[in-house]
Structure formats: structure tokens, C-alpha cells
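What follows is one structure encoded as C-alpha cells, with my remarks underneath.
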DNA sequence: GATGTTTGATATGATGGATAACAATTATCA
DNA sequence: TGATAATTGTTATCCATCATATCAAACATC
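Residue numbers (this note's numbering), protein chains in the order written: chain A, 1 to 176; chain B, 1 to 176.
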């Protein structure tokens, strides 16, 4: 499918002395005749990926003041809802491989948002614990997500549209 | 959101002499009590990403005999629908940055699926041309996608469900 | 107690995405 | 026309994500 987006940000205008404003394409209509997506616009995977990038991008900007990535946010959320779990359990439910989960946790722990505690029952495993600060950050993040991110989606799709979308995506994620 | 999936493939069963079959968890119910996703299952971004990974995974396996990634497939499709375009135009419409598009094209060209032709009007740019072989591969890929990939989605969502999903995702991709 | 498994961790490689810079070419306009 | 700027494809490079193999410590099983 090819994806990416999020780029094409810079102004690209010459910045040497007095600006020149040579063409001013007004729109992304750089191409005289727009390239046709054709069958691509009916390919679910393609549209799915483009939508996902957009949603992540918006999520990131909404939670920007808290400096949380989607992955970090989901970990905090999971820790809050599942006290007493170890790294393997949390990583597995998020589809993160244990080796890759280590550095993710390192960053959260170094920011004082969670802690690794040796389990008394199994001294191999680390119980993951949300700190006070972590709970606070999570609470603020949730508010931002609801008030800015999800509300915008509601606005675009309608509350029932959003429900429909969610259930279809859940079905794909589970049964496909 | 955290994502990944696609992993957890290996058997993990001991393979030393006669197998032992120690526990046989029967299901991925490794955790005595399943970890609760909680609010995560209502986060559109999270579900969106999980669904996207599933769809890409299936796409990849359906088109496996032709050795085409989603990105490569979308390029071939676009070239077929838009003859006479150069690298920048194709890359832009797919949201691929020009530098990253180079190696993608290299691989397609080295497999004889497309060619770079110097434009007579602008000797800087390369017109991208589908070869005969490229057209053949694309045709077969399309058939596989329709008969195996998209048909499975239709089966899961229903033809109208698929339409609904597509239009909502398109709306997000465009207007969000 | 010997053997194998699990847990967290490290090292490492593959891949995707992003930026800077460059030569060749073209466009602009003074 | 000639100087200056912009565009095109490319290379190099960096960063993040993803994936595999391996390891020591701790546990489980028999």
C-alpha cells in the first residue's frame, strides 16, 4: 500500500534575503493533472493505513503536552487497569515483543511514571506498578484524549458512526 | 497504542529428543486471569492499528506467491492508472518521501516490473513505465487480492458493511 | 538433583520513515 | 543573456519500530 504522510511540512519557500514566492501552488495541486488513485481508493488496507496514520498523528499532537506516544499511553492505561502484572503479560497483550518492551519501560520508569518491583512469589518477574506521578499523567492524558482527540472523531463521524466503526474494526482485529 | 502482533508464531515447545508437552495451554490463555484491555478497547486509534496490522498481514500472505508488499503493489497499481508520471508525483500521492522511494523503485526495476525513462521535456525527471512483466504481475496480484483478500473481508463484514467501513475510513483519511 | 522452562535483559539485524546535502537540470527575472 | 533560485533524483545518515538469538537468574518437573 505504501504509506507515510505526515511529511511535506516544511515551507519549501526560498529563505534567502527577501522571499520570492515564485509559484504559490495555492493547493497541493502541484501536479497539473492530479494523479488518480484508481482502484487504490477501494482497497481497504490502503485506506485503513492512511486513516490510521491520521488518527495517530492527531493523537500525538493532542497528548503532546504530556510527551506520551500512543504506545506509552497504552502501557500506562493497561497498568492502571491491571495491577500486579509483570512485563511479559503486559507486553503480550499489547503485541509488543519482550525485548522491545524493555526500553519502552526504561523510558517510562526513568520519567518516574512506573516502577518495576520484584515479585515475591516469582523472583524472576517484575511486577509493574504505576507511580503517583504516573497516575496523574495518565489522568491528564485521558482527559486530553477524550476532550480533544476522541471528541474530534465524534464530530466527524457522529457518535453512532464512531460506534459502528469501532465494532467493525474490532471484528477485523479479532476474527480476521 | 502499542502494536506489533504478527509475532508469537514459533511453537516454543521443547525440541530436544522426545518432546515433553509440559503444559499445553490449549489457548493463548497463558495468563491465569486474562489481562483487561479496559478503556483501550474503546480507543479508536488502538483498534484501528490492530485491524490495520491484521489486514496487512492477510494481504501479504494472499499476494505471497507474487512476492509483493502492499507498498510495491500500490506503486504498480498507480503506474498502471497514471502513465507518464515521474517519481516525485507517484511518491507524493502515496505519501512516500522521495529519498525512500528510490530503493523501492530500484527493487521493482531490478525485477523487471517497471522502468525509469528520462523525460524528453524535463531531463531531470524519470517517467515511470510499467513493463509487460509488470502488467502481468499486477494483473495476477489484483486477482489474488480480489479473490482471496477482499473477498474474505466481504465475508466478514458483508458487502454493505465493507462499504460503510471504507467510506468512514476515507472520511478520516481525508478530513481528519 | 538433573533437565528443561520462564523471565527480563542484551546484542544485533532488518525495515520504514525523516532530514540534509549534492549534481544536474530547469525556471525566473533583472 | 546571465545570475540566482528551484526542482529532480540520489546518497548518506539518523531514528524508531520490529524481530531473532542468546544469556543468566530463577523456577518447575520429575
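Glycine residues also receive a C-beta, built at the ideal position from the N, C-alpha and C atoms.
Exposure label - residue 149/A; buried when at least 16 CB within 10 Å: Position 149 of the first chain holds residue 149/A. Counting Cβ neighbours within 10 Å, residue 149/A comes out buried, since at least 16 surround it.
Neighbour-count burial assignment, residue 89/B, 16 or more Cβ in a 10 Å radius: Translated into positions along the second chain, residue 89/B becomes position 89. By the 10 Å Cβ count, residue 89/B comes out buried.
Straight-line Cα distance separating residue 131/A from residue 139/B: Position 139 of the second chain, counting from 1, holds the residue named residue 139/B. Position 131 of the first chain, counting from 1, holds the residue named residue 131/A. Cα-Cα distance, rounded: 56 Å.
Listed by chain order, chain A residues near residue 68/B by CB distance under 7 Å: As a position in the second chain, residue 68/B is number 68, starting the count at 1. Those within 7 Å of residue 68/B in chain A number zero; the least Cβ separation is about 11 Å.
Own chain partners of residue 84/B with C-beta closer than 7 Å, once the 5 adjacent residues on each side are dropped: As a working mapping, residue 84/B is identified with position 84 in the second chain. So the list reads 127, once near-sequence residues are dropped.
Identified DSSP bridge partners for residue 69/A: Taking the first chain and counting its residues from 1, one reaches residue 69/A at position 69. According to DSSP, which records beta bridges pairwise, residue 69/A is partnered with nothing at all.
Between the CA atoms of residue 91/A and residue 111/B - distance to the nearest angstrom: For this step, residue 111/B is matched to residue 111 along the second chain. For this step, residue 91/A is matched to residue 91 along the first chain. Taking the straight line from one Cα to the other gives about 39 Å.
Cβ of residue 41/B within 9 Å of any chain A Cβ: Here the question's residue 41/B lines up with position 41 in the second chain. By this cut-off, residue 41/B is an interface position.
Chain A residues whose Cβ lies nearer than 7 Å to that of residue 54/B: Here residue 54/B refers to the residue found at position 54 when the second chain is read from its first residue. In chain order: 172, 173 and 176.
Test: residue 143/A CB closer than 9 Å to a CB of chain B: Numbered from 1 along the first chain, position 143 holds the residue referred to as residue 143/A. Not one chain B Cβ lies under 9 Å of residue 143/A.
Those residues which DSSP pairs with residue 127/A across a bridge: For the purposes of this step, residue 127/A is identified with residue 127 of the first chain, where counting begins at 1. 86/A and 117/A, per the DSSP bridge assignment.
Where residue 112/B sits in the DSSP three-state scheme: As a first step, residue 112/B must be located in the second chain, where it is residue number 112. Reduced to three states, the DSSP call for residue 112/B is coil.
Contact test: residue 55/A Cβ vs the ligand SAH heavy atom, cutoff 8 Å: As far as ligands go, the structure on display features none, and thus does not contain the ligand SAH.
Among 44/A, 39/A and 76/A, nearest to residue 77/B - alpha-carbon criterion: Locating residue 77/B in the second chain gives position 77, counting from the first residue. Answer by Cα proximity: 39/A.
Separation of residue 146/B from residue 29/B, as counted between CA atoms: Position 29 of the second chain holds residue 29/B. Position 146 of the second chain holds residue 146/B. In this prediction, residue 29/B has a pLDDT of 42, which is less than 50 and means its spatial position is unreliable; what the coordinates show is noted afterwards. About 34 Å.
Start and end residues, alpha helix (DSSP H) containing residue 164/A: What you label residue 164/A is simply residue 164 of the first chain in a count that begins at 1. In the DSSP assignment, residue 164/A falls within the unbroken alpha helix (DSSP H) covering 159 to 175.
Selected residue, minimal CA-CA separation from residue 55/B, among 70/B, 35/B and 37/B: Here residue 55/B refers to the residue found at position 55 when the second chain is read from its first residue. Nearest of 70/B, 35/B and 37/B to residue 55/B, Cα basis: 70/B.
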